[in-house]
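Enquirer:
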Amino acid sequence: MTKLRILFSKNGLVVFTLALLSGANAYADKPEFELAIEQHLFEPSVLVIPANTKVKLWVSNKDSTPEEFESYELNREKVVLGGQRALIFIGPLAPGEYPFFGEFNPKTAQGKIIAK
Amino acid sequence: MEINIHRLVIGFAIYISLVSLVKADGLAVDRIYAPYVNSLEKELEYRISSAEVGSGASNDYIVQRFGFGAAVNDSIALEAYVSAEGEGDANRLSGYELELRWQLSEQGEYAVDWGAVFEYEHSRDSKIEELAGKLVVLKEWGAMVTTANASLIYESSESTGEEFETALSLQARYRYRPMLEPALEFYAAEDYRGMGPVLVGAIRLAAANSLRWEVGTVFGLDEDSADYTFRLMLEYEFY
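Residue numbers (our numbering), protein chains in the order written: chain A, 303 to 418; chain B, 431 to 669.
(1) Put S655(B) into one of helix, strand or coil per three-state DSSP.
(2) Can you tell me whether W571(B) is buried or exposed? The criterion is at least 16 other CB atoms within 10 Å of its CB, across all chains shown.
(3) Taking 8 Å as the threshold (beta carbon to beta carbon), is Y374(A) in contact with chain B?
(4) Distance check for V361(A) and S505(B), CA to CA, integer angstroms please.
(5) Chain A beta carbons: is any one of them nearer than 8 Å to that of P612(B)?
(6) Let me know the secondary structure DSSP gives L534(B) once reduced to three states.
(7) Taking 7 Å as the cut-off, is the C-beta of E345(A) nearer than that to any heavy atom in the ligand MG?
(8) Please compile the residues from chain A whose C-beta is within a distance smaller than 7 Å of the C-beta of Q537(B).
(9) Do we get a CB-CB distance below 8 Å when we pair V361(A) with the residues of chain B?
(10) Mind listing the chain A neighbours of P608(B)? Cutoff is C-beta to C-beta under 9 Å, in chain order.
(11) Report the residue from W544(B), L528(B), S589(B) and L523(B) whose alpha carbon sits nearest the alpha carbon of A580(B).
(12) Could I get the ranges of all uninterrupted beta strand (DSSP E) runs contained in the region 514-576 of chain B, with 3 residues as the minimum, in chain order?
(13) DSSP state of G393(A), grouped into three classes?
(14) L383(A) CB to nearest chain B CB: under 8 Å?
(15) Under the three-state reduction of DSSP, which class applies to V467(B): helix, strand or coil?
(16) Around the Cβ of A597(B), are there at least 16 other Cβ atoms within 10 angstroms (buried) or fewer (exposed)?
(17) I583(B) bridges to which residues according to DSSP?
(18) Measuring CA to CA, which of G393(A), L383(A), E399(A) and L395(A) is closest to E405(A)?
(19) Once you ignore the five residues that flank D460(B) on each side, which residues in its own chain have a CB closer than 6 Å to its CB?
(20) Report the partner residues of Y491(B) according to the DSSP bridge assignment.
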């Protein structure tokens, strides 16, 4: 849990009080999921993850060109260079469907995450 | 990104706490940074802040900036600006600014997202050199996003000598839809306290390009502060 308290007084005194900074690796053991980009398509295009749980999503770009995983609903935007892998932290999400797409190939690279 | 965030934050907090006076010259109302950097991203940016009528502030003081920036990798971005500022008008080049943005944690990795901004500013007209370090903290609360920028500024000026300044800006933004995200902003610096509404939005253009804007008016909260300050930012992002 991370707590940062900012106290600000009228005469201009700024004091940062850090109450507790611990548990930075709290998400290290969260469920992991894989998503691949190949020929400008997401595989799988539908990914089911547990609701109300923070998960790690590994996105592997098997194409030689970069792609951007983007979703306004998930509030995530991440460029994955060609031939590389990127980690995206998602959630915890309420049950529902969350579309995503590849910004560089939006007509083909589309998918959705279902949280349930 | 393996960064000892605890030490960084604690060090920054102690450092800024030692500077007892909140103090910042010029216009406190400006862009509030998010902590994110995206690989390959480039941007052209235009910002203007215009402060109107305040007993303790400059009347009709305008600051304009035009910049070009690019990401170096997935955590560092560099940007260079030219600026124009003055009372009544700001039509001639008055300085330049170099900026480094550093994403310290992955989005959603921790309870809050961390970043830092370092700036060097040279004002040709007023012969001021300024170095600034800014801690950027962002927390998501569902559709609500809160962001804090806490700045420690070193300024060297022919007229006032050397001094340290601090400033704080806060934003609460509701992610209603991509083109329209209403926000409330608060700014504090020496002789300035202000709060006001801002509209934020972005529109997607062809070829993965986008145009982002922020526009709002921040109202002074005490008699030392400018009555109101208009601010606008236009940012064209491309790859």
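Positions of the beta carbon are idealized from the N, C-alpha and C atoms, including for glycine. Quick caveat, the model's predicted, so the values are computed rather than measured.
Expert: With the given structure in hand:
(1) Indexing the second sequence from 1 puts residue 655(B) at position 225. Reduced to three states, the DSSP call for S655(B) is coil.
(2) For the purposes of this step, residue 571(B) is taken as residue 141 along the second sequence, with counting starting at 1. So W571(B) counts as exposed.
(3) Within the first sequence, numbered from 1, the residue matching residue 374(A) stands at position 72. True, the Cβ-Cβ gap to chain B drops below 8 Å.
(4) In the second sequence, counting from the first residue as 1, residue 505(B) sits at position 75. In the first sequence, counting from the first residue as 1, residue 361(A) sits at position 59. Rounded to whole angstroms, S505(B) to V361(A) spans 17 Å at the Cα level.
(5) Sequence index remark: in the second sequence, residue 612(B) carries index 182 (1-based). It does not: the Cβ of P612(B) has no partner Cβ on chain A nearer than 8 Å.
(6) Position 104 of the second sequence, counted from the first residue, corresponds to residue 534(B). Looking at L534(B) - three-state DSSP - the assignment turns out to be coil, as it is neither helix nor strand.
(7) As presented, the structure is devoid of all ligands, the ligand MG included, so that no description of it is given.
(8) For this step, residue 537(B) is matched to residue 107 along the second sequence. Going along chain A in sequence order, the residues near Q537(B) (Cβ under 7 Å) are R378 and F391.
(9) Numbered from its first residue, the first sequence carries residue 361(A) at position 59. Cβ-Cβ to chain B under 8 Å: no for V361(A).
(10) Along the second sequence, read from residue 1 onward, the residue named residue 608(B) stands at position 178. Within chain A, the residues near P608(B) are Y374.
(11) For the purposes of this step, residue 580(B) is taken as residue 150 along the second sequence, with counting starting at 1. Cα-wise, what sits closest to A580(B) is W544(B).
(12) 525-533, 543-553 and 558-571
(13) Along the first sequence, one-based indexing puts residue 393(A) at 91. The answer is coil: DSSP assigns G393(A) none of H, G, I, E or B.
(14) Position 81 of the first sequence, counting from 1, holds the residue named residue 383(A). Closer than 8 Å to some Cβ of chain B, the Cβ of L383(A) qualifies, so yes.
(15) Counting from one through the second sequence, the residue named residue 467(B) turns up at place 37. Coil at V467(B), not helix or strand.
(16) Taking the second sequence and counting its residues from 1, one reaches residue 597(B) at position 167. Answer is buried; the Cβ neighbour count reaches 16.
(17) Along the second sequence, one-based indexing puts residue 583(B) at 153. A562(B) and E595(B), per the DSSP bridge assignment.
(18) Start at 1 with the first residue of the first sequence, and residue 405(A) comes out as number 103. If we check each option's Cα against that of E405(A), L383(A) comes out closest.
(19) For this step, residue 460(B) is matched to residue 30 along the second sequence. Excluding positions up to five away in sequence, the list reads S479.
(20) Here residue 491(B) is taken as the residue at index 61 of the second sequence, counted from 1. DSSP, once it has assigned bridges, lists A481(B) and E517(B) as partnering Y491(B).
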